[in-house]
Amino acid sequence: MRVLVTGHLGYVGPIVLRQLKEAGHWVAGLDCGYFRDCTDAHAALTRPDREWIADIRDMGAEVVRGMDAVIHLAGLSNDPMGQLDPGLTAAINHRATIRLARMAQDEGVGRFIFASSCSLYGASGDAARPLDEDAPLAPVSAYARSKADCETDLAALATGGFAPFSLRFATAYGLSPRMRLDLVLNNLTSWARATGVVRVMSDGTPWRPLVHIEDMAQAMLCALTAPVGERRAFNVGRDDDNLRVAEIADIVSRQIPGSRVEITGDAGGDPRSYRVDFSRVSQGLPGFAPRWSVTAGCEQIDRWLCDRKLSTAHIQSRHFVRLGQLQHLRKGGVIDDGLRLMDVLAC
């Protein structure tokens, strides 16, 4: 198949590119390049067959022309980035997504695979049972609201010739050539290795389902050939990796001997907490079978940290914290206040 991957220069994108190429697909990449220089010098990168450096708000239909499918990863990628300006989150994550989907539909693209998020379940807390795809949505951030709005509008575009899939991913973790240390497992492991303390900013009780980025990429590949039925939204993760934040911290402390867990409660105002039912995805996406556990992922991340010997300054740097990189680009005049590139070549 001919597949366009948006956001291919981010955290998950390099893994998706590699798996697509290994499966024999022709792959194009579209990215504005915010994080292109946040690359691990020692990591192997898979190159797309064609690449566009462009903002998804501005590109034309040529990027989707001739494609069989679009895998849409691009967007402001977490709640702190979304809070930079909720209006920008709506413009980039929601309106630009639907604009892209309509162009894809008009150009005869058959599938549109949207990277949604379990965060749209919001403050569900200790529900009587894990939430399946029919549970009410309760987004509590601009980021989560943008995902919910996209799902609604994508579903309205579905026709016999255009099949949108919304993959509601659990919180990502794992190793990437463009590593992030601002995600819960990656963050706790990096701080524990650098300082000996597994520092939990909440009271430890919120639920966070987790999924490895290799398993995320596998789900997207399966969606390329999955049967098109009535159900096109799927929670993506593992049932046994629904964990409270304190349980994630305990896994990290067991991985790093001598480290200790410290529950600070400093971020007590964050209401997000959700347990998720992942039983539907294995039926809806034949061939999908998550391979990674949180314990194995923590070990993988820790090995990488040991090899890199990162200090506390390194793990807080813009190379690993997405909000910090955007602030750096703004300060340097590479992007304007609307997060548009001032000069494509500068990125």
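For the sequence shown, our numbering assigns the number 790 to the initial residue and increments by one for each residue that follows.
Beta carbons are placed, not taken as given, at the ideal position from N, Cα and C, and that holds for glycine.
Practice item. Compare the beta carbon distance of residue 1087 and residue 974 with 8 Å and say whether it is the shorter of the two. Key: Note that the C-beta distance between residue 1087 and residue 974 is below 8 Å.
Check your understanding: Among all the DSSP beta bridges, which residues are the ones paired with residue 1137?
Key -> For residue 1137 there is no data in the structure shown, the boundaries of the chain being 790 and 1136.
**Study point:** residue 1049 in three-state terms, based on DSSP
**Key:** Three-state result, residue 1049: strand.
Check your understanding: How should residue 1026 be labelled, buried or exposed, when 16 other C-beta atoms within 10 angstroms of its C-beta is the threshold for buried?
Key -> When all chains shown are included, residue 1026 counts as buried.
Practice item. In the DSSP assignment, find the beta strand (DSSP E) that holds residue 1036 and state where it starts and stops. Key: For residue 1036, no beta strand (DSSP E) segment is defined; the enclosing uninterrupted segment is the alpha helix (DSSP H) at 1034 to 1044.
Practice item. Grab me the residues of residue 814's own chain with a C-beta within less than 6 Å of its C-beta, minus the 5 sequence neighbours each way, in chain order. Key: Listed in chain order, the non-local C-beta contacts of residue 814 below 6 Å within the same chain comprise 790 and 792, local neighbours out to five positions each way being set aside.
**Study point:** C-alpha distance - residue 850 paired with residue 1034, whole-angstrom precision
**Key:** Rounded to whole angstroms, residue 850 to residue 1034 spans 43 Å at the Cα level.
Exercise for review: Could you tell me which residues DSSP puts in a beta bridge with residue 860?
Suggested key: Answer by DSSP bridge pairing, in chain order: 794 and 902.
Point to revise | Bridge-paired residues (DSSP) for residue 1024 | key: Residue 1024 pairs with 957.
Review point. From 1066, 939, 798 and 988, pick the residue whose C-alpha is nearest to that of residue 1038; which is it?
Key: Closest in alpha carbon position to residue 1038, among 1066, 939, 798 and 988, is 988.
Practice item. Give me the Cα-Cα distance between residue 1119 and residue 848, rounded to the nearest whole angstrom. Key: Approximately 21 Å between the Cα atoms of the pair.
Check your understanding: Do residue 970 and residue 1109 have their CB atoms nearer than 8 Å?
Key -> Cβ distance < 8 Å, so residue 970 and residue 1109 count as in contact.
**Study point:** Spatial distance of residue 1067 from residue 817 (CA atoms)
**Key:** The alpha-carbon separation between residue 1067 and residue 817 amounts to approximately 30 Å.
Practice item. Per DSSP, which residues does residue 951 bridge with? Please list them. Key: According to DSSP, residue 951 bridges with 948.
Review point. Residue 986 to residue 953, Cα distance in whole Å?
Key: Using only the alpha carbons, I get a separation of about 43 Å.
Practice item. Would you decide whether residue 740 is buried or exposed? Buried here means 16 or more other CB atoms lie within 10 Å of its CB. Key: Because the chain in this structure spans residues 790 to 1136, residue 740 falls outside the shown range and cannot be described.
Review point. Got a sec? Which residues, its chain only, sit under 8 Å from residue 862 by beta carbon, not counting five neighbours each side?
Key: Closer than 8 Å at the Cβ level, and outside the excluded window around residue 862, lie 794, 795, 796, 797, 799, 801, 802, 805 and 904.
Practice item. Establish whether the CB of residue 1011 and some CB of chain C are separated by less than 8 Å. Key: The structure shown contains no chain C; it is built from a single protein chain.
Review point. Skipping 5 residues on each side, what residues in its chain have a beta carbon closer than 8 Å to that of residue 1017?
Key: Only 952 meet the Cβ criterion.
Review point. Can you find at least 3 beta carbon pairs, one from the stretch 897 to 913 and one from the stretch 954 to 964, that sit closer than 8 Å?
Key: In short, these stretches touch, since the Cβ pair count reaches three.
Point to revise | Member of 810, 1062 and 902 whose CA lies at the smallest distance from the CA of residue 835 | key: Taking only the C-alpha atoms, the option nearest residue 835 is 810.
Review point. Taking just the CA atoms, how far does residue 1042 sit from residue 898?
Key: Looking at the two C-alpha atoms, the distance is approximately 47 Å.
Review point. What residue does the alpha helix (DSSP H) around residue 895 start on, and which one ends it?
Key: Start and end: 885 to 895.
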